[in-house]
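Here our numbering runs 1418 ahead of the position in the sequence shown, where the first position is 1.
Ideal placement from N, C-alpha and C gives every residue a C-beta, glycine not left out.
The structure under discussion appears below in the form of C-alpha cells.
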Amino acid sequence: MLRYDPLKSWEENLHRSPDEKDIVEAAQPVPEFPGDWHWCGLPVNSPLGVPAGPLLNGNWLRYYATLGFDILVYKTVRSAARACYPLPNLVPVNVDTTKPLPAEVPGMDSMAGTWAVSFGMPCVSPDEWRRDIERTVPLLPQGKILVVSVVGSAPPITDRACDMEQSLEQLAEDYAQCAHWAVESGAHGVEANFSCPNVATADGQLYQDSNASRLVSQRIRDAIGDRPLVLKIGHVTSREHARELIRAVGPIVDGLAMTNTITARVTSDRGDLLFGGQLRGISGEGIRHQSIEQIARFRSVLTEETATVPSRPNNRSGRGQGGEDSERPVTPTRAGASPLWRLTDLIGVGGIVTAEHVCQYLRAGASSVAIATAAMIDPRIAIQIREQAGAPND
C-alpha cells in the first residue's frame, strides 16, 4: 500500500503521490463510526481526521479519504513557495510512552511509534496549491471536508524597537491572504498554524502570545467571513495560559487543534546532538498522554469561560460539500461590536493508534481527533479504528 517514505525527500513524496488508479484501488467498504459528528458545525461521517502534514496534495488527500478519514487537512500552505529542510525529516526516537517527554530523546534506527519531525513547513507556489484545492474539493464524497492549513511568512526584523509591531501587521496580512485564497479555492474551513516547533520566526510561536493571536485571528476572520476557523497550537501546560488564549480568541475562532508536537532535542546513538542541537517537534505515541491532558485542561477552562457567555448562531448545517453556503453567512464580529462566542471545538492530536485512544480524547473533551504518525505508517489505521469502535463489547 502506498505511504509516505521517510527515506525520500518531501519533494519526492509530493511527486510520487497516488494517481487515479491508486485511489480507485484503495477504495473499500468502510465501517461506520457510531455517533453523530460535526467539525466546527459542519456534519462529518466520523470524528477521524488527518492533520496538516501527511496530505501533501489533493491526490494524497483523496487517497486517505477513501480509507476512512473524514476531516482532511491539506498540507500547510504559504503565500510563496518554500523549500523543505534537508533530510532527515523524520527520525524515530526512543521514549517511554507512560512518562512525560524528556528534554532530550535518543534517536533509533527503527520506528516504534514516535519520531522527531523536521520539515520547516515547505510549500509549493500559491498558483499550484490553489488549483489543486479547486480540483479536489468537488471530488470529495458527502460527509468529508477539506480544511486548508495556512501559515504566514514572517518578514525579517532589522530594528526590533521599530519593526516588531509592523512585522506582526505584515504577518497577519500574510495569514489573511493565504486564508482568503484557501476559501476562494473552495476550502470548507481554514486551520491557521500558530505553532511550528521547527522554525524560529514569529509564525511558529504565535500561540504563546495571546494579544498577537487575537490580532492575527481577527485579520483572518475578516478575510474569510463565516467560514470555520481553527487555530493549531503547541504545548500549553498551565491553566492561566489556556485561559488567556481562550479569552483572546474565543469570540473569533471556532476551534483549537492540539497538540502540535512537544519539543525536545534529539541525540544520535553516539550521544551527539542531531539537527544542530536545535529543538525539534516530537510526534506520535510519546506525546499522547500529555496531549490528552492538554485537551482536558482546555475543555475545563473553556467550560468555565462559556458558562455565562451566549454562543454565536450556527448557520452552517446547510453548507454543501463544494464550499457554498445555502444560507447567508453571519457577519463576523468586528472590533467594537458586541462579542458573541464562537469557540466550541477542540481537536485532539497526538499518538492515536486505537479506538480506545480516540475515546480517551473524546472523554477528555475533544470534539474530534486527527491522526498523523500512525496514518503515515499504516494508511489503513482509520479502518482499523472504525472496526474496533463498532465491535460489540465483550
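Cα separation between residue i and residue j?
{"i": "Ala1807", "j": "Met1582", "result": "49 Å"}
{"i": "Val1776", "j": "Thr1724", "result": "25 Å"}
{"i": "Gln1623", "j": "Cys1614", "result": "7 Å"}
{"i": "Val1462", "j": "Ala1445", "result": "18 Å"}
{"i": "Pro1573", "j": "Pro1544", "result": "18 Å"}
{"i": "Asp1796", "j": "Gln1584", "result": "44 Å"}
{"i": "Tyr1481", "j": "His1653", "result": "30 Å"}
{"i": "Leu1589", "j": "Leu1647", "result": "17 Å"}
{"i": "Leu1558", "j": "Arg1804", "result": "20 Å"}
{"i": "Gly1673", "j": "Cys1458", "result": "7 Å"}
{"i": "Pro1424", "j": "Pro1518", "result": "26 Å"}
{"i": "Ile1680", "j": "Leu1508", "result": "15 Å"}
{"i": "Val1667", "j": "Asn1678", "result": "18 Å"}
{"i": "Tyr1593", "j": "Ile1638", "result": "6 Å"}
{"i": "Met1419", "j": "Glu1443", "result": "10 Å"}
{"i": "Gly1695", "j": "Ala1534", "result": "13 Å"}
Below 7 Å, is the gap between the Cβ of residue i and the nearest heavy atom of the ligand MN?
{"i": "Ile1765", "result": "Questions concerning the ligand MN fall outside what the structure shown contains, since it holds no ligand whatsoever."}
Identify, in the order they occur along the chain, each residue of the same chain with its Cβ nearer than 7 Å to the Cβ of residue i, setting aside the five sequence neighbours on each side.
{"i": "Ala1521", "result": "Ala1682 and Arg1683"}
{"i": "Arg1553", "result": "Gly1476"}
{"i": "Val1642", "result": "In the sequence on display, residue 1642 carries Ile and not Val. Here the set comprises Ala1597, His1598, Val1601 and Val1608."}
{"i": "Pro1452", "result": "Ala1807 and Gly1808"}
Using a Cβ-Cβ cutoff of less than 8 Å, which residues in the same chain neighbour residue i once the five nearest sequence positions on both sides are dropped?
{"i": "Gly1754", "result": "Its pLDDT being 37, under 50, Gly1754 is placed unreliably by the model, and the measurement read from it follows with that caveat. Contacts found: none."}
{"i": "Trp1428", "result": "Leu1474, Cys1502, Asn1507, Phe1537 and Pro1540"}
Output needed for residue i: all residues of its chain with C-beta closer than 6 Å, excluding positions within five of it in sequence on either side, in chain order.
{"i": "Arg1434", "result": "none"}
{"i": "Thr1515", "result": "Glu1703 and Gly1704"}
{"i": "Ser1729", "result": "Trp1759"}
{"i": "Met1539", "result": "Thr1494, Val1569 and Cys1614"}
{"i": "Trp1547", "result": "Val1495"}
Beta-carbon of residue i versus every beta-carbon of chain C: anything under 8 Å?
{"i": "Asp1690", "result": "The chain labelled as chain C is not found in the depicted structure, where only one protein chain is given."}
>> Threshold first: 3 residues or longer. Then list the beta strand (DSSP E) segments lying entirely within the region 1499-1571, N to C.
In response: 1508-1510, 1522-1524, 1532-1535 and 1563-1568
>> Three or more C-beta pairs under 8 Å: does that hold for the region 1557-1570 against the region 1490-1499?
In response: yes
> Would you call the region 1787-1805 and the region 1688-1706 touching, i.e. three or more CB-CB distances under 8 Å?
Replying inline: yes
>> Is it the case that the region 1683-1694 contacts the region 1777-1786, given that we only count it when at least three CB pairs across the two stretches are under 8 Å?
In response: no
>> So within the region 1627-1675, which uninterrupted beta strand (DSSP E) runs reach at least 3 residues, ignoring any that extend past its ends?
In response: 1647-1650
>> Report the start-end ranges of each alpha helix (DSSP H) in the region 1470-1494 that is 4 residues or longer and not cut off at the edges.
In response: 1476-1483
> Do the region 1443-1459 and the region 1518-1532 meet, that is, are 3 or more Cβ pairs less than 8 Å apart?
Replying inline: no
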